[in-house]
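Taking the working numbering, the leading residue of the sequence shown gets 2, the next gets one more, and so forth. See structure below.
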Amino acid sequence: SVTLGCFAKERGLDASQYHLLSLFSDGGFMMYPLVLCSLIALGVIIAKSWTLWAAGASTKEVLAEVEEAAAAGRIAEAAELAAARPGPAAAILVAGLRRLAKDEVEQEGLASAIRTTGTIELGFLERGLVILATVANCAPLMGFLGTVIGMIIAFASIEAAGDVDATLVAGGIKVALLTTATGLLIAIPVNLGYNFFVTRIDNLILDMEQGAQKVLDLAYSLRVRTELASAGARGAARPAAEDLGAEESIS
């Protein structure tokens, strides 16, 4: 603390900055991995917040635009509209609509393409959650390890002095309390962020399922139209064939 005090005076740091440096120094060497964990978690939280916001920013708009274009029979245009938007729901629509544009309306092949795209998109959405879960679990354990080390230091001081003195054990107990508090201060917001991201990903999965259902409904309607057109063509060809046969028999 004395060394840090001299360093703070040389650098012109104010009292609050010096206090933070003093707490970091008094916490012992376990403060270094704890601070590293907090920096990693902060970076993941910032990146994940931006990724999930971008993934769900235009979901409703793209679903409405694609539905309108597909209902008018403009399948290729609907696929281009979906491709121009980010997000997992748009990716599902692109995978299905491009197959429909190529007249691939078989339910099994279409469902397989949608399922594969959904798996890829889900892996992208869940990227980084393992890091947050690891930090949330390890930070308190590191704090408890610092607590054990601090208590060992306190009892070692008592053993060396041969007498119980508050000043002897205060340093070890301070280390124990600081590392425990730091571990919990890191784990609590990281846990909250993890749960928020899981809930957000669940909502995006629902959007993906909605997009997949729209593609499958469109494929079904296209197949029904094709079958009706084929049936109408066969019905129109049958009377013509009968009339031709009647004319040949008369002649």
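Beta carbons: idealized from backbone N, C-alpha and C, even for Gly.
Closest option to G212, judged by alpha-carbon separation, among V63, G194, A56: V63.
When DSSP states are grouped into helix, strand and coil, P87 belongs to the coil group. In the three-state scheme derived from DSSP, where H, G and I count as helix and E and B as strand, R128 is classed as coil.
The stretch 148-161 makes no contact with the stretch 198-212, as fewer than three CB pairs between them are under 8 angstroms. Collapsing the DSSP output to three states places S59 in coil. Counting C-beta pairs closer than 8 angstroms gives fewer than three between the stretch 63-75 and the stretch 109-120, which falls short of the contact rule. Residues of the same chain with a CB within less than 6 angstroms of the CB of E66, apart from the 5 flanking positions on each side, are L82 in chain order. Contact between T148 and M32 fails: their C-beta atoms lie close to 13 angstroms from each other, not under 8 angstroms.
The residues S59, V63, in chain order, have a CB closer than 7 angstroms to that of R86 in the same chain once the five nearest residues on each side in sequence are set aside. Non-local beta-carbon contacts of A177 in its own chain, meaning distances under 6 angstroms to residues more than five positions away in sequence, involve T148, G151, M152 in chain order. Non-local beta-carbon contacts of L142 in its own chain, meaning distances under 8 angstroms to residues more than five positions away in sequence, involve G184 in chain order. Its chain contains A80, A83, A84 as the residues whose beta carbon lies nearer than 7 angstroms to that of V95, once the 5 sequence neighbours on both sides are disregarded; these appear in chain order. Of all alpha-carbon atoms in A70, L43, P34, the one lying nearest the alpha-carbon of K215 is that of A70. Under the three-state reduction of DSSP output, F30 falls in the coil class, being neither helix nor strand.
Take K175, set aside five residues on each side of it, and the residues of its chain with a beta-carbon closer than 6 angstroms to its own are D27, in chain order. If the five residues before and after V136 are omitted, its C-beta is found closer than 6 angstroms to the C-beta atoms of C38, A42, V191, all from its own chain and listed in chain order.
Secondary structure at R75: coil, using DSSP grouped into helix, strand and coil. Taking C-beta atoms under 8 angstroms as the contact rule, I115 and I132 fail to qualify, at a distance of about 29 angstroms.
At least 8 angstroms separates the beta-carbon of A134 from that of L35. Looking only at I47, S23, L207, D218, the smallest Cα-Cα distance to G129 is reached by I47. Contact annotation: A55 and P89 have beta-carbon atoms that are not nearer than 8 angstroms.
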